[in-house]
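Each residue of the sequence shown is one higher than the one before, starting from 198 at the first, in our numbering. These notes are about the structure you will find just below.
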Amino acid sequence: MDYLKNLNEEQKNAVINTKGPSLVIAGAGSGKTRVLTYRIAHLLNNGVKAHRILALTFTNKAAREMKARIGELVDPQAASSLWMGTFHSIFSRILRYEAEALGYSSNFTIYDTQDSRNLIKGIIKELKLDDKTYRPNEVQARISMAKNNLVTADAYQYKASIRSADEAMKKPRIHEIYKYYAARCKKADAMDFDDLLLYTNILFRDHPELLTKYQSKFDFVLVDEYQDTNYSQYLIVKKLAAEHHNICVVGDDSQSIYSFRGAKIENILKFQSDYEGCKLYKLERNYRSTPTIVNAANSVIEKNTKQLKKVSYSENEDGNKIKVIKTLTDKEEGFKVAQEIHDIRSSENIEYKDFAILYRTNSQSRAFEESLRKINIPYKVYGGLSFYQRKEIKDMLAYLRLLTNPNDEEAIKRVINYPKRGIGATTVEKVKQYALMYEKSMWDIISNISTAKYDFTAGTVKKLNGFYELIHSFACRIDKDNAYDITTGIANASGIISEIQSDKTPEGQSRAENIQELLNSIKDYTQTSIEEGKDAYIRSFIEEIALLTDQDSNKDGEINYVTLMTTHSAKGLEFKNVFIVGVEEELFPSSMSSNSPQGLEEERRLFYVAITRAEKNLFLSYTKSRFKWGNIVQCKPSRFISEIDKKYIDLPREVEERGQAVGGFNYKKRPASKPSFEINNRRLKPLNTIDSITKDNGIFTPDSPNNLKAGQTVEHQRFGRGEIVKLEGNNMDKKAKVMFENFGEKQLLLKFAKLKIIK
């Protein structure tokens with residue numbers, strides 16, 4: 198019983214009271230995993246047979262770690278006999294035992310996400326449906342949603358609400374695809390991940406004797422991260438626990454952030470009403486963070502109405518107040534965060550691995566990646582690719598490379614059929630073989646594709662000519678038009694923009710945000726180059742990016758790096774120093790989520806998760822303006838900043854002056870903003886006039902260049918504050934040498950650069 202000495206009183210009570218239903222509400226950093234592990238060890242230590250215990254987790258890693266710890270506490274052999282694992286691994290095991298009852302063999306195949314998507318893709322083709330309307334990943338997501346809500350293929354076609362939703366999305370034949378997909382899986386003796394849960398429910402529904410068998414088998418059922426369960430998982434757990442009622446679920450409703458995956462916060466909120474006589478245990482002591490951070494998190498999450506009340510506390514040292522970093526632009530935000538990391542590491546002699554930068558969307562990583570690289574700080578993008586390694590970015594850059602160098606064979610192969618224009622792999626290989634035969638480049642062959650000596654059909658010649666005309670028309674302009682005009686032009690003309698616009702899945706949205714961010718970076722590059730009187734053409738941008746992406750900031754074996762990740766990815770992790778960046782309205786909270794009470798509450802829970810990742814120091818940053826699809830838009834600090842009790846945060850004056858309404862800032866509710874993908878070259882203004890470079894939006898009002906003098910403090914919309922060191926030249930060629938606080942010395946052409954006199 199010595200292991201109980203390692204528990205505080207709250208934890209101990211949750212461990213030793215094993216009979217009947219129990220709900221353990223575990224605040225961030227409160228030892229949730231320890232309680233679950235010790236509770237199982239306590240059961241084993243008190244004579245419960247390992248094979249009578251069912252423990253369900255959400256990750257294999259969690260299951261492995263708990264098994265190892267249980268083995269250390271009691272008996273490794275007993276730990277290995279536990280029915281412990283993820284929902285999918287445990288129920289696939291049951292399904293293999295009982296497969297015959299469902300018309301499957303015990304050796305059925307499990308399709309992963311890609312297998313499933315490939316099958317759906319083939320069915321769409323067989324049904325002669327437009328794959329731009331019926332995108333395989335969108336159809337897959339729709340089928341997955343149905344299965345997680347226990348809607349079979351047969352039920353789907355008769356469910357009016359679902360069919361109406363499909364018709365509203367102009368995808369009325371999804372029910373056919375689902376029907377064919379289910380039949381093909383059955384014929385192939387295969388199940389996908391969602392089937393493992395769906396068929397377990399069907400098994401228990403249609404075969405009560407088998408349900409009784411497994412209800413009798415498990416004396417104790419334990420579930421980790423219960424707030425993340427979906428409807429299908431909820432029902433299975435409820436059925437299995439119905440006989441013995443010895444069910445213990447552990448979780449935190451304040452960290453329920455996966456509704457987009459089908460998780461239902463109601464499962465944990467109504468647990469006490471689901472199970473009569475339920476005991477409630479609250480783990481409220483936070484061992485991870487300072488009291489300042491814990492209390493700040495409490496002051497935010499208390500604004501939610503749908504929650505199980507708890508008050509987390511910490512007995513660690515108070516720690517520093519939360520610091521808010523306010524910047525003029527997202528570029529400056531990246532610079533200031535990188536500089537803050539550099540300064541803290543230098544002054545406190547700590548390692549890079551003690552820092553994390555958390556953002557709401559993947560596309561935000563670019564500014565921070567570039568700023569960290571510039572001052573040689575190693576970093577790693579957690580759970581994803583570095584910005585310039587993402588497929589959609591590499592596709593777009595391949596187009597730009599091809600404009601500057603049509604003989605770039607790798608670029609040709611990457612984009613010749615993206616977006617799809619009917620030029621298949623066989624045609625590409627044939628072009629390549631002709632190039633080898635005649636000792637020419639692939640572009641030479643494509644440029645002269647109509648020549649009789651090349652054996653292509655008339656249809657193929659037409660398609661290759663179309664590709665040639667597309668590239669050639671923009672290649673002729675690269676020394677005339679600036680980088681931004683060229684990029685937006687080719688993005689529109691190639692079909693990339695419309696391709697991305699039509700993909701409504703979360704993955705599609707993320708790709709759209711990444712393309713937008715690339716266009717933002719090119720707009721910023723173009724404007725800066727013009728203001729400084731430098732070359733603003735696409736060749737220079739490509740060279741700069743090539744040098745940037747060639748730097749290896751993640752050397753093999755390197756473990757000491759700053760971590761960059763989305764706030765969703767950060768759940769379950771902890772770092773000494775955390776920067777939550779882009780804390781602005783319509784970004785965090787997301788514009789798509791903040792228009793409904795439920796969506797806003799989930800965004801608040803996500804912010805709570807982000808805050809509670811920090812052990813020692815927490816920083817929040819926001820910027821006053823960002824580029825969005827090539828335009829500078831003004832940003833407001835997030836309502837979540839104002840929701841933090843002032844005792845725990847150093848608020849900028851503008852945040853305090855905005856005041857606070859119940860539940861946050863009293864902003865007028867606007868419909869979610871939809872990015873405009875209509876980039877039409879005829880509407881684009883060339884970036885060679887002052888008006889086309891900067892939009893004032895009634896907020897930033899520059900002074901006349903004639904009023905500028907050396908020694909004045911000025912403000913630039915993107916570079917921030919600086920001092921004019923020197924003025925030189927006359928009339929249209931007049932220049933100002935300005936030493937900016939955060940970006941160093943820059944020489945700006947005053948006919949383009951807008952400067953506002955501060956003093």
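The beta-carbon is built from N, C-alpha and C at its ideal position, and this holds for glycine as well. Quick caveat, the model's predicted, so the values are computed rather than measured.
query: Distance, L419 Cα to Q706 Cα; result: 36 Å
query: Bridge partners - Q311, DSSP secondary structure assignment; result: According to DSSP, which records beta bridges pairwise, Q311 is partnered with nothing at all.
query: Opening and closing residue of the alpha helix (DSSP H) in which D527 lies; result: 527-545
query: Beta-carbon contacts of I321 that lie in its chain and below 6 Å, excluding the five residues immediately before and after; result: D328, Y331
query: 8 Å Cβ cutoff met for T487 and S511; result: yes
query: C-beta atoms of A225 and Q452 nearer than 8 Å; result: yes
query: Beta-carbon proximity list for P899, same chain, < 7 Å, skipping 5 on both sides; result: K951, L952, K953
query: Cβ pair count under 8 Å reaching 3, the stretch 354-362 against the stretch 407-423; result: no
query: Completely contained beta strand (DSSP E) runs for the stretch 794-836, where each covers 3 or more residues; result: 811-825, 828-831
query: Beta-bridge partners of F937, as assigned by DSSP; result: G919, G941
query: Bridge partner(s) assigned by DSSP for L784; result: S787
query: Beta bridge counterpart(s) of F772 as assigned by DSSP; result: A811
query: The alpha helix (DSSP H) enclosing D471, as first and last residue numbers; result: 468-471
query: Uninterrupted beta strand (DSSP E) stretches inside the stretch 540-600 (no shorter than 3 residues); result: 552-556, 576-578
query: Nearest-angstrom Cβ-Cβ length linking T215 and R236, presumed shorter than 8 Å; result: 7 Å
query: Chain-order list of residues whose beta-carbon lies under 6 Å from that of F552 (same chain, five-residue window excluded); result: I538, V759, N774
query: Identified DSSP bridge partners for M762; result: L555
query: Contact between the stretch 811-819 and the stretch 774-789 (3+ Cβ pairs under 8 Å); result: yes
query: Sub-8 Å separation of I841 and I519 beta-carbons; result: yes
query: From A680, Q630, T648, E710, residue whose alpha carbon lies closest to that of K588; result: E710
query: Alpha helix (DSSP H) segment containing E373, residue limits; result: 371-384
query: With 16 other Cβ atoms within 10 Å as the buried cut-off, status of G919; result: buried
query: Beta-carbon spacing of S718, F785 below 8 Å; result: no
query: Integer-rounded CB distance, given that E782 should sit under 8 Å from K821; result: About 12 Å; that fails the 8 Å criterion.
query: Simplified DSSP state of D450, which is helix, strand or coil; result: helix
query: Buried or exposed (CB count within 10 angstroms, at least 16 for buried), L633; result: exposed
query: Assigned secondary structure, G268 (DSSP; H/G/I helix, E/B strand, else coil); result: helix
query: Contact check, G228 vs Y484, beta carbons under 8 Å; result: yes
query: Straight-line Cα distance separating L253 from L797; result: 29 Å
query: Straight-line Cα distance separating V348 from T306; result: 22 Å
query: CB contact flag (D480, Q208, <8 Å); result: Sequence inspection shows Leu at residue 480; the Asp mentioned does not correspond to that position. The answer is yes: Cβ separation under 8 Å.
query: Contact between the stretch 432-450 and the stretch 390-400 (3+ Cβ pairs under 8 Å); result: yes
query: Per-residue burial, I756 [other beta carbons within 10 Å of its own, 16 or more giving buried]; result: exposed
query: From T657, G244, I340, Y596, residue whose alpha carbon lies closest to that of A622; result: T657
query: Sub-8 Å separation of I222 and L466 beta-carbons; result: no
query: Cutoff 8 Å: A223 Cβ touching any chain B Cβ; result: The structure shown contains no chain B; it holds only a single protein chain.
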